[in-house]
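So the structure is just underneath, and the comments pick up after that.
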Amino acid sequence: MERIKLHIVNIRKMRKFQDAPVDTMGCHKLANISATQKDQRIHTLIALMLSSQTKDQILSVAMEKLHKSGSSMDELLKKSEKEFAEIIYPVGFWRKKSIYITRTLKILNEQYDNDIPQTIVDMCNLPGVGEKMAYILMSVAWKRIEGIGVDTHVHRICNRLNWVSTKTPQKTRIELEKVLPKVYWKEINKLLVGFGQTICKPIGPKCIQCENKNTCPYTIKNMDLLD
Numbered sequence: 008m009e010r011i012k013l014h015i016v017n018i019r020k021m022r023k024f025q026d027a028p029v030d031t032m033g034c035h036k037l038a039n040i041s042a043t044q045k046d047q048r049i050h051t052l053i054a055l056m057l058s059s060q061t062k063d064q065i066l067s068v069a070m071e072k073l074h075k076s077g078s079s080m081d082e083l084l085k086k087s088e089k090e091f092a093e094i095i096y097p098v099g100f101w102r103k104k105s106i107y108i109t110r111t112l113k114i115l116n117e118q119y120d121n122d123i124p125q126t127i128v129d130m131c132n133l134p135g136v137g138e139k140m141a142y143i144l145m146s147v148a149w150k151r152i153e154g155i156g157v158d159t160h161v162h163r164i165c166n167r168l169n170w171v172s173t174k175t176p177q178k179t180r181i182e183l184e185k186v187l188p189k190v191y192w193k194e195i196n197k198l199l200v201g202f203g204q205t206i207c208k209p210i211g212p213k214c215i216q217c218e219n220k221n222t223c224p225y226t227i228k229n230m231d232l233l234d
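Next comes the structure, spelled out in structure tokens:
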């Protein structure tokens, strides 16, 4: 655990001096702050639904278009699948996501009083919502930390640093929650996502610049290639 704590301290240090796309265009930044609290939670949900297989820059533009078109719950419920598709294009899987969003909004209207669910299980029962989205949504929208949202960045970095040894993001979440004290759960997703966007990239990681290079198994193993 001491090694993990040192890694986190070093990653915080690196993140402090270099902004990442997630810092300004992540789902926690994309709700309309002038909207009601209910609508802001729904904006966060929609942003998360659009985020998979989509760069933050494209996500941010799509959410801006959505707000300009009208993003109160009443206005969202009036939009057709075709209208959503035109607004969110070219996010990844935009056709499917336009269907998921319209179905989800109908469920929120009929079952949750135009708000989002308050449990992980109910969140995951919404069309197009997986457990990674649910844990992040719970944290951002309800300010409750019930688990760690693990995406490809978090999965990759945790394995490179040997915090876990897993094959899938789902298994990474389970193992990471065993070794990482809860005090770190709130920050870890955004911290590692930004680190993965700027330093520990999937291709061409900047290992020589990394503060953890002397204790990172991935860097040590690949040092000859990095020189």
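Residue numbers for the sequence shown follow this note's numbering, so the first one is 8 and each next one is one higher. Note that CB positions come from ideal geometry on N, CA and C, so glycine has one too. It should be emphasised that the depicted structure is a prediction, and the values quoted were computed from it without experimental measurement.
Taking 9 angstroms as the threshold (C-beta atoms), are residue j and residue i in contact?
i: L83; j: I114; result: no
i: I18; j: N169; result: no
i: L144; j: C34; result: yes
i: I155; j: I195; result: yes
i: R102; j: Y142; result: no
i: N116; j: M80; result: yes
i: K89; j: S105; result: yes
i: T240; j: R22; result: With the chain covering 8 to 234 only, the question about residue 240 has no answer from this structure.
i: I127; j: P97; result: no
i: P134; j: R151; result: no
i: L183; j: V157; result: yes
Measure the alpha-carbon distance for residue i versus residue j and round it to whole angstroms.
i: E153; j: K189; result: 9 angstroms
i: H160; j: S41; result: 31 angstroms
i: Q216; j: D30; result: 20 angstroms
i: M75; j: K86; result: Strictly speaking, residue 75 in this sequence is Lys, with Met absent from that position. Near 13 angstroms, if we compare the C-alpha coordinates of K86 and K75.
i: M8; j: K208; result: 24 angstroms
i: D63; j: M130; result: 22 angstroms
i: F24; j: H162; result: 23 angstroms
i: G203; j: K174; result: 18 angstroms
i: V136; j: N121; result: 17 angstroms
i: Q60; j: V68; result: 15 angstroms
i: I164; j: K36; result: 23 angstroms
i: A27; j: P212; result: 15 angstroms
i: W149; j: L198; result: 20 angstroms
i: T51; j: S172; result: 31 angstroms
i: Y191; j: K20; result: 15 angstroms
i: F100; j: K12; result: 37 angstroms
i: K72; j: T226; result: 41 angstroms
i: N166; j: N132; result: 29 angstroms
i: Y107; j: M32; result: 22 angstroms
Pop quiz: residue i and residue j are said to be a contact at Cβ under 8 angstroms. What is the actual Cβ separation, rounded to whole angstroms?
i: K228; j: P176; result: At roughly 22 angstroms, the Cβ-Cβ gap does not stay under 8 angstroms, so K228 and P176 are not in contact.
i: L57; j: I95; result: 6 angstroms
i: A92; j: M70; result: Between M70 and A92 the Cβ distance is about 15 angstroms, and since that is not below 8 angstroms, they are no contact.
Mind checking which residues open and close the alpha helix (DSSP H) that includes residue i?
i: I11; result: 9-23
i: K228; result: 224-228
i: S67; result: 63-76
i: V157; result: From DSSP, V157 is part of no alpha helix (DSSP H); its letter is neither H nor E.
i: W149; result: 138-149
i: V128; result: 127-131
i: D122; result: Looking at the DSSP string, D122 is not in any alpha helix (DSSP H), and its letter there is neither H nor E.
i: E218; result: Neither: E218 is in no alpha helix (DSSP H) and is coded neither H nor E.
i: N58; result: Checking the displayed sequence, the identity of residue 58 turns out to be Ser instead of Asn. 44-58 is the extent of the alpha helix (DSSP H) around S58.
i: F91; result: 88-95
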